[in-house]
Structure formats: C-alpha cells, structure tokens
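Input: a single structure, listed below in structure tokens.
There are 2 protein chains.
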Amino acid sequence: MPTIVVEVMPKAELLDPAGKAVAGALARLGHSSFTNVRIGKRFELTVNGPVTPEILADAQKIAEEILSNQVIEDVTAVFEAK
Amino acid sequence: MPTIVVEVMPKAELLDPAGKAVAGALARLGHSSFTNVRIGKRFELTVNGPVTPEILADAQKIAEEILSNQVIEDVTAVFEAK
Chain A
2 MPTIVVEVMP KAELLDPAGK AVAGALARLG HSSFTNVRIG KRFELTVNGP VTPEILADAQ
62 KIAEEILSNQ VIEDVTAVFE AK
Chain B
2 MPTIVVEVMP KAELLDPAGK AVAGALARLG HSSFTNVRIG KRFELTVNGP VTPEILADAQ
62 KIAEEILSNQ VIEDVTAVFE AK
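These protein sequence lines map, in sequence, to chains A and B. When the count follows the numbering used here, it moves up by one through the first sequence with no breaks and lands on 83 for the last residue. When the count follows the numbering used here, it moves up by one through the second sequence with no breaks and lands on 83 for the last residue.
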C-alpha cells in the first residue's frame with residue numbers, strides 16, 4: 002500500500018536539548034566528526050488507495066495541525082515514499 | 002556544513018501504540034484515507050568537514066549502536082542530506 006512520509010524537525014532557532022545531549026555523548030565517545038545533532042520525527046502514513054493530489058494536500062494539513070506542534074516544530078517534508 | 006540524516010523506525014513486527022493512537026485519531030477526525038501510522042525518529046548529524054566514506058560508516062555505526070534501540074527499532078536509512 003502507498004505510504005506518505007511526513008518529516009517534522011524542531012525549529013532551527015530552538016535549542017533541542019535532547020539533540021545537544023546526544024552531540025555531547027558522541028564527542029565523549031570519540032566521534033569527533035559530528036558537531037551537532039538535531040532530533041525530529043518521521044511519520045509513515047499508510048494510504049488505502051492511490052496517492053492523489055487531494056490526499057497529499059490532506060496529509061500536509063494533518064502534518065501541520067495534528068502531527069507537529071507549530072510552536073516548536075516545523076514540517077520539513079511531506080512526500081510519497083517510493 | 003554537511004549533514005548526515007539517520008532514520009530510525011519501529012520494527013515492522015512491533016505494534017507502535019503511539020502510531021496506532023494517531024491512526025485512531027485521524028479516523029475519528031474524518032481523515033479516512035489513512036489506515037495506519039508509524040512514528041519513528043529522524044536525526045540530523047552536522048559534520049565538520051566533507052562527508053567521506055569513513056564518516057558515513059562511522060555514522061552508520063553510531064546509528065545502530067547509539068541512536069537506535071535494536072531490540073525495538075531498525076535503522077532504515079543513513080545518507081548525506083542534499
């Protein structure tokens with residue numbers, strides 16, 4: 002069945018303390034190539050039928066109104082998985 | 002600066018109760034085109050320099066050993082963001 006992927010990331014101007022903690026852990030463990038980590042969410046929505054432009058628009062609306070908190074998060078991508 | 006994206010999803014054979022709750026909410030709210038929802042994580046690792054095959058391999062190792070819980074999650078993708 003077709004799948005629509007929604008990606009939600011913390012807004013760039015916010016700190017993302019969990020990501021900072023992971024970045025600190027990576028540095029302590031010797032993985033010095035990585036200077037920053039941000040942690041977001043990835044939703045996979047299973048669609049019962051072909052993905053029409055209407056369904057994709059509905060998914061975009063769901064992503065902005067239900068799946069993300071627009072105060073602290075941005076919807077960075079909504080697309081049909083290949 | 003280059004960014005490596007790591008995607009982690011709950012294993013297919015696991016229930017993902019949070020995803021089930023969202024799927025139920027979507028159905029109740031009239032978004033009947035979506036039959037299932039799975040919720041995973043998306044990490045963005047900032048790299049201080051060009052992404053070499055060694056750094057990508059290091060990121061794959063980090064994804065499997067630190068960023069995911071291999072008992073309940075799978076690393077579904079590790080790639081350089083364009």
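We put the CB at the ideal spot given by N, CA and C, even for glycine.
Q. For isoleucine 40 (chain B), which residues in chain A fall below 7 Å Cβ to Cβ?
A. Lys42, Phe44
Test item: CB-CB of arginine 43 (chain A) and glutamate 8 (chain B) under 8 Å = yes
Between glutamate 66 (chain B) and valine 23 (chain A), what straight-line distance do the alpha-carbon atoms span, to the nearest angstrom?
12 Å
Using 8 Å for Cβ pairs, my map puts valine 48 (chain B) next to threonine 4 (chain B). What's the rounded Cβ distance? 7 Å
**OP:** Taking only the alpha-carbon atoms, compute the straight-line gap between glycine 50 (chain B) and phenylalanine 35 (chain A) and give it to the nearest angstrom.
**Re:** 9 Å
Of all Cβ atoms in chain A, is any one closer than 8 Å to the Cβ of serine 69 (chain B)?
no
Measuring CB to CB, does valine 72 (chain B) end up less than 8 Å from alanine 60 (chain B)?
-> no
Exercise. Using alpha carbons as the reference points, say which of B:Ala13, B:Gly41, B:Lys21 lies closest to valine 6 (chain A).
Key: B:Gly41
Indicate whether at least one CB of chain B lies closer than 8 Å to the CB of alanine 58 (chain A).
no
Exercise. List the residues of chain A that phenylalanine 80 (chain B) touches, going by C-beta distances under 7 Å, in chain order.
Key: The premise fails here: phenylalanine 80 (chain B) is roughly 13 Å from chain A at the closest Cβ pair, so nothing lies under 7 Å.
Exercise for the section: Under 7 Å between beta-carbons, which chain A residues line up against leucine 16 (chain B)? List them in chain order, please. Expected result: Neighbours of leucine 16 (chain B) on chain A: none; closest Cβ ~14 Å, over 7 Å.
- Message: Quick check on alanine 64 (chain B): buried or exposed, where buried means 16 or more other Cβ atoms within 10 Å of its Cβ?
- Response: buried
Q.
For glutamate 8 (chain B), would you say it is in contact with chain A, using Cβ-to-Cβ distances shorter than 8 Å as the test?
A. yes
### When B:Asn37, B:Ile56, B:Pro18, B:Lys21 are compared against serine 33 (chain A), the one with the closest alpha-carbon
B:Ile56
| said: Strictly under 8 Å for the Cβ-Cβ distance: is glycine 25 (chain B) near chain A by that measure? | reply: no
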